[in-house]
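Notes follow once the structure below has been shown.
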Amino acid sequence: MRRLAYASIALIPALLLGGCLGSSSGTRVATPSVAISPALAAAAYVAMAASIDLYEIQAAELALQRSQDTANRAFAEKTLAAHEGTSLQLSMAGRRLNLLPSATLSPEHQAMLDALKATPDFDHTYRAQQNILHREGVALHTSYAKAGDSPTLRPVAKNAEAVMRQNQQVMPR
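In terms of the numbering used here, the sequence shown opens at residue 3 and continues consecutively.
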């Protein structure tokens, strides 16, 4: 079992290989893509979910500082509160399994945050990244809620899926 968990952790970079999505402003937006296996191991799920939450929190804080769009700022406030909550749930459940979530972003999410910090068209890039990340998050949480190997983490995944779906519906276009 331990070997499976280590193998799953080692596969995270491969699962989150990112490409780039062009934007209308010419700014490139880093886009991780997640291939979710039906039986994702708990350690891999915790690592990916923690990185998504951490990115969402840091991007929302940045949006509250830099966004000129009132809809983006309102969305960032909701996102910040929601992902502080899902992050806390993940941390509590992870501790019960001796799987502490990382306090650092995955390389792909770090690249997205760096691109967001550097873009001259913040509001467009923020919306584009949120669209990408919510699709990624919904896929991750849905898959784990249905087929994850930890009964402790499956309800956390189900709740995080609901949070991300709700955020998708109120996301500025």
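C-beta atoms are modelled at their ideal positions from N, C-alpha and C, and glycine is treated no differently.
Just so we're clear, the structure is a prediction, and the values are computed from it rather than from any experiment.
- Our two residues, ARG68 and GLN131, have alpha carbons roughly 15 Å apart in a direct line.
- Apart from sequence neighbours up to five positions away, the residues of its chain that approach ASP71 with a beta-carbon distance below 6 Å are ASP125, ordered along the chain.
- Beyond the five residues adjoining it in sequence on each side, GLN170 comes within less than 6 Å, by CB distance, of HIS136 in the same chain, given in chain order.
- Straight-line measurement puts the Cα of LEU64 at about 27 Å from the Cα of GLY96.
- In the three-state DSSP reduction, SER53 falls in the helix class (H, G or I).
- A straight-line Cα-Cα distance of about 7 Å links LEU66 and GLU79.
- Contiguous alpha helix (DSSP H) elements confined to the segment 96-139 occur at 109-120, taking only those with 4 or more residues.
- Measuring C-alpha to C-alpha distances from ALA44 to each of ARG156, ARG167 and ASP123 identifies ARG156 as the nearest.
- By the 16-neighbour rule on beta-carbons within 10 angstroms, THR106 is exposed.
- Its chain contains GLY139 as the residues whose beta carbon lies nearer than 6 Å to that of ILE54, once the 5 sequence neighbours on both sides are disregarded; these appear in chain order.
- Cβ contact annotation for ALA62 (same chain, cutoff 6 Å, sequence separation greater than five): ALA78, THR81 and LEU82, in chain order.
- Going by C-alpha positions, ALA147 is about 14 Å away from ARG167.
- For the set THR127, ALA162 and LYS119, the Cα lying nearest the Cα of HIS143 is the one of ALA162.
- Beyond the five residues adjoining it in sequence on each side, THR88 comes within less than 6 Å, by CB distance, of ASP55, ALA162 and VAL165 in the same chain, given in chain order.
- Cβ neighbours of VAL158 within its own chain (closer than 6 Å, five residues either side excluded): GLN91, LEU92 and ALA95.
- A residue is called buried when at least 16 other Cβ atoms come within 10 angstroms of its Cβ; VAL172 does not meet this threshold and is exposed.
- HIS111 sits close to TYR57, with the two beta carbons spaced by under 8 Å.
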